[in-house]
Each structure stands twice: as C-alpha cells, then as structure tokens.
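Residue numbers (the numbering used here): 2 to 569.
Ideal Cβ placement from N, Cα and C applies to all residues, glycine included.
In what follows, a single structure is set out as structure tokens and then discussed.
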Amino acid sequence: MRRLGGGLAILLGGALVAVSAEKPADLILKNGKIVTMDAARPEATAIAVSGDRIVAVGTDAQIERFRGDATRVIDLAGRTAMPGFIDGHAHLAGIGDARIALDLRGARSWDEVVSRVAAAAKKARPGEWILGRGWHQKEWTSPPEPNVEGFPLHASLSAASPSNPVLLSHASGHAAFANAAALARGGVGRETKAPAGGEILKDVSGEPTGLLRETAEDLVDAALRADLAKRTPAEVTADLDRRIDLAVEECLRKGVTTLHDAGVSFDVVERYRQRAEAGTLGIRIYAMLSASNEELEKSAAKVRVVGAGRNHLTVRAIKRLADGALGSRGAWLLAPYADAPGSTGLNTYSMKDLERTAEIAVASGYQLGVHAIGDRANREVLDVYERVLARHPKKDLRFRIEHAQHLDPADVPRFAKLPVLAMMQGIHCPSDAPFVVARLGEKRAREGAYAWRRVLDAGARIGNGTDAPVEDVDPIASIHASVTRQPKSGPAFFPEQRMTRLEALRSYTVANAYAAFEEDLKGTLTPGKLADVVVLSKDLSTVPDEEIPSTRVLATIVGGKVAFDASR
Ligand SMILES: [Zn+2]
C-alpha cells in the first residue's frame, strides 16, 4: 500500500490508490483520450508510468501530481491511447520470412507469378532456393491453362528457374507449389506416394503438377531444411535474428506489443530467451511450443518460463494441428465439401496422440492450443478437451482452439461450458468469404462459419489475431473485419455474426491477455499493469466503421519506452 503523500486519493478499479507528489513518474501521457478497456474506469485523459508499469490513470490534474524534473511528458493533443494490441495467434519468424521471400499476394495471374520468379532466378546464386508466398488462384483474373483443379502445371515455372529450386507457399499456408528442381530435390516423382494427411496433386498422365497439399509439402521442405542444416550455427542464429528483427519492427509499427507465437521449436524459444534476457526482443512473446510428444515429455518442463526478461518471454503453451485449411480443402469436416463431394478434408494429427499431448501439457504446467478449422476437427478436439478437463477438474487449464473457424451449432455452447477459449482471427472472415460458400454450401456457411455472435452469446471467450504471415499482422484491419465482416468487394459475410465494437477491442486486449494467463499484467490500462500502450490517430471505440481502416498507429510504447514513433 502506497503511503498517502500529497493528500490526494482517487478511487481506481475499486481500490484506493494514493497519489503522491513526492514520487515522480518516468513518463506521463496527458491531454489525450485514454481508452483503458478497464470497466472500472473506462476513460481518462492521462497516465503516469514508472519503470515499466502504469502507476496511475486519471485526469490531467490528477496525473500532474506525478510530474517531476526528470519526467518525460508526452502531450497526446487529444489523440487516443489504448492498451497495446495483443495478437493472439501469429508466427513471428514467419512474419520475418514473409518480408524476405517473394511476396506473391496480389499477383493477377499465374504468368505474373512465373515472371516474378524468373526475375528472382536471374539474381540468385547457383542452387539457391527461391521462396515465395501468398499466391492464391482465386486472385487470378483467369484460371491457368492447362490446369488441374484450377491449379497450374509446373512446366512454365520450371522453365523460368531451371536450376534453382522454387517453393511457393499458398496464401492459406496449407499448400505449396514447387518447380521441377524442387520436386527433384524432394524426391517427388510420378511413383511417389503422399504422406498421410497430404496430397501430391497429379495431372491426367500421373505426373506431379507441382502442387503439394498439407503434409506433402514436407517432402520438399525436408530438402530445403537439409540445405539450411548445412549452415554454421552462427549463420543459423544470424538468419533467425534477421527474421525476428524484421518481424518485431513490423509489429511495433502496427501497434502490436505482445504476440502469441503459435508453434515454435525449442531452438527458436532458446534464442527468444537469450534476447529477452539481453533486453533485445523488442516486443513480448507468448510462445507455443511445437514438438513431438516424446520431445515434450523430455524437455517441456525444463524450458517452461513465465515472464523472462522483464516479462518479454513466456513459454507455457503447446501447439498442435488437428486439420488443414478450408481454402485448400484440408479442413476436416463432418460432411463432405459442397464442391468436392468425395472429400471431408484431412485429419493431420491423431486424437489419441493429442490426448497424450494434453496430459503432458497438464503434467508439465502448460496450456494447449490446437489448430482446428473444420467442424469435425473442432468437435474431435472438444471431445479430447472434455475428457482431459474431466480428469483435472480443479485446474485452470484454459485450453484453446486455434481458429475455431467452422463450427457445428451443437458444439458452440461447449466452448462456454468446458470452458475452451476460441482463438479466432477476424481478418480471416472477409479474406476467405469469396470461397466459403462454395466449400460449405450456404446453410453450413451461415450457421457455423466464423460464428462470432453465436460463440459470444453462448458465453464463451474469443481471442483475436491475424495468423500472420497468413494475413497482415495489422490489428486495425482485423478489428474492422470483426465489426463489419466486409470483404473487399460484395456484401458483408453473414453480418448477423458481427462483433460489437467493444467485443472486438476486448478480443484484441483483455481476451488475449486472459488467453495467456496475463490478465493481471496486460489488456487494460490499469495501475500496476505493464505500460504497453498504443497511440492512435482516431478513437477505435467510437469512430464510424468506415473510418477504422484509415486509423493510423502514431506511437507504440512497450514497458514505458517509446518503441515506435511515426513522427520520426
Ligand atoms: Zn497459425
């Protein structure tokens, strides 16, 4: 309890907090519109920060008491400040990779993709891999000729890059396209059988087209990894650091102060830890480990850490994938695809092994987050969670389903009842809208696709995010999508499932803090919590929907330090 100093006491969050003129703050933000996200005190005009913590929230006059000779004072000039955004599901190193690889988003034809690769091949060293990402056949003005299921054949790509292996990830992240050199490096030929949970798409003559779905990508990925494995340890670390730096720079520019990193190796986590402890991580990471059950049993408990490097790194979650994505028809469905009646998608990890993962998580003090997109995948994962939760009724486990994208209405109440957190990405809805009805048919799409309203009305929690680099890591675009469900063109996608403005902002702040067991540290601007703040050109809690996308991030503050300043 702080000593009553200057005699001024204000009621904050129901607790009496003494405001002393004798203990100056390091930083004061004043003359702003502070959207605290704290129901106990939703609005204020000023904040005082000492070290990396918020010490007071109030009016300019109340906060003036914290000003000392060395206090840095930022005049917000009426601008909005709110809690730093928390991306509840993204891939940090992938964001870095996306900035390094060829960006094929927006390519209007297969020929355009090929010509961009041809240009890169001219500059590449002999044998060097050319990586690209973000292409999607739905963005092409016409289907490639010839094609199989709307996907091209690799001949033109192979001619454009005869000696450099090329691997181009689909925008969904659940398929990739390889040229002849990459297929050869991966040992993929006409006789090659796809691994379980994957598909090598072949043409009528039985030759691989170049398209590799789900686990079939691993064949070529393995060759790429084998080449990467020839790097020295110093080269490996330097490459990872470059990816981290590029990603962190982008997160800060977009107001993201914490990122839930949905699937990282022990090696990456170790580098995060080193950088967190050295004070060079830049943002806060909530890491979800991706490793086999055997590796987790051996090492998960040892690497578990909460709040390392002054709360820059927490490692206490495990990530699994139960199925693929809807765009590439990899989502595991209860009934066949409307546009592929012979298929119900792919189950990419056995539920028996998943149940074991869940028990390992409980035993080693970890949370579990499972990627489930199709309604069958969601039901199966909920079934596993239900059994495991029943065995540990006293524990606060906060199991998560990542994406929870297509739900059977019967399963929606289970998210509230068990409970299980629904980690859904607002921006996926308008991005996927052009093909969801084709895949699922109108009825299933209306009842269960991105069913935010149903999930929230059932009393469950939704954490938001972007799955970057699948989508841009921009929280503002995802918040806009959450409240409008408006694709680039055409009508809003089943707008009755929209979130309210407050729900969308909560899904990016308090809900994601809770999803990481960090509700006492983050998610609201409340005395005692970390001073992670984003300053915006407009007030996201009140601007009209159509003005949300043009809202700019003016500054991003992490732990009381200005980490991004748009004016510089
Ligand atoms: Zn993901």
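{"Check": "Inter-residue Cα distance where the pair is L30 and L253", "Outcome": "19 Å"}
{"Check": "DSSP beta-bridge partners of E44", "Outcome": "V36"}
{"Check": "Alpha-carbon spacing of A434 relative to D204, whole angstroms", "Outcome": "29 Å"}
{"Check": "Secondary structure of Q368, DSSP reduced to three states", "Outcome": "strand"}
{"Check": "Among V535, L541, I374, G331, nearest to R502 - alpha-carbon criterion", "Outcome": "L541"}
{"Check": "Span separating the alpha-carbon of S538 from that of D27", "Outcome": "24 Å"}
{"Check": "E504 versus G370, W453, A362, residue with shortest Cα-Cα distance", "Outcome": "W453"}
{"Check": "Cα-Cα separation between G6 and R68, rounded to whole angstroms", "Outcome": "In this prediction, G6 has a pLDDT of 39, which is less than 50 and means its spatial position is unreliable; nothing more can be read from the coordinates."}
{"Check": "Under 8 Å between C-beta atoms of Y386 and F86", "Outcome": "no"}
{"Check": "Inter-residue spacing [alpha-carbon to alpha-carbon] between L531 and D53", "Outcome": "6 Å"}
{"Check": "Collapsed DSSP secondary structure at E271 in the structure displayed", "Outcome": "helix"}
{"Check": "Beta-carbon proximity check, A332 vs G325, cutoff 8 Å", "Outcome": "yes"}
{"Check": "Option nearest G346 by Cα separation, candidates G366, R186, G375, P414", "Outcome": "G375"}
{"Check": "Three-state secondary structure (DSSP) of E200", "Outcome": "strand"}
{"Check": "P234 (DSSP reduced to helix, strand or coil)", "Outcome": "helix"}
{"Check": "Residue burial classification, H393 (beta-carbon count within 10 angstroms, cutoff 16)", "Outcome": "exposed"}
{"Check": "Strand pairing of E215, partner residues [DSSP]", "Outcome": "G199"}
{"Check": "Burial state of I64 (16 or more Cβ within 10 Å)", "Outcome": "buried"}
{"Check": "beta-carbon D340 near ligand 1 non-hydrogen atom, thresh 7 Å", "Outcome": "no"}
{"Check": "CA-to-CA distance, S110 to L213, given in whole angstroms", "Outcome": "19 Å"}
{"Check": "Around ligand 1, Cβ to any heavy atom closer than 5 Å, ordered along the chain", "Outcome": "A263, D468"}
{"Check": "Assigned secondary structure, H404 (DSSP; H/G/I helix, E/B strand, else coil)", "Outcome": "strand"}
{"Check": "Chain-order list of residues whose beta-carbon lies under 6 Å from that of A567 (same chain, five-residue window excluded)", "Outcome": "L555"}
{"Check": "Check: G442 C-beta below 7 Å from any heavy atom of ligand 2", "Outcome": "The model on display carries ligand 1 but not ligand 2."}
{"Check": "G370 and K418 closer than 8 Å at C-beta", "Outcome": "no"}
{"Check": "Inside the region 283-327 only - beta strand (DSSP E) runs reaching at least 3 residues", "Outcome": "285-290, 306-308, 314-322"}
{"Check": "Residue environment, S551, which counts as buried when at least 16 other CB atoms sit within 10 Å", "Outcome": "exposed"}
{"Check": "Beta-carbon proximity of S291 to S173, cut-off 8 Å", "Outcome": "no"}
{"Check": "Sequence-distant residues of its chain with Cβ nearer than 8 Å to A197 (five each side left out)", "Outcome": "T216"}
{"Check": "Every unbroken alpha helix (DSSP H) within the region 112-161, with a cutoff of 4 residues, ordered by chain", "Outcome": "156-161"}
{"Check": "Simplified DSSP assignment, three categories, for F178", "Outcome": "strand"}
{"Check": "The region 126-138 touching the region 102-118, judged by at least three CB pairs closer than 8 Å", "Outcome": "yes"}
{"Check": "Where K523 falls, given that 16 or more other Cβ within 10 Å makes a residue buried", "Outcome": "buried"}
{"Check": "Residues near I75 in its chain [Cβ-Cβ closer than 6 Å; skip 5 each side]", "Outcome": "L30"}
{"Check": "Cut-off 7 Å between Cβ atoms - residues of its own chain near I361, not counting five sequence neighbours on either side", "Outcome": "N294, L297, E298, A301"}
{"Check": "Candidates A469, L154, S266, H313: closest to G89 by CA position", "Outcome": "A469"}
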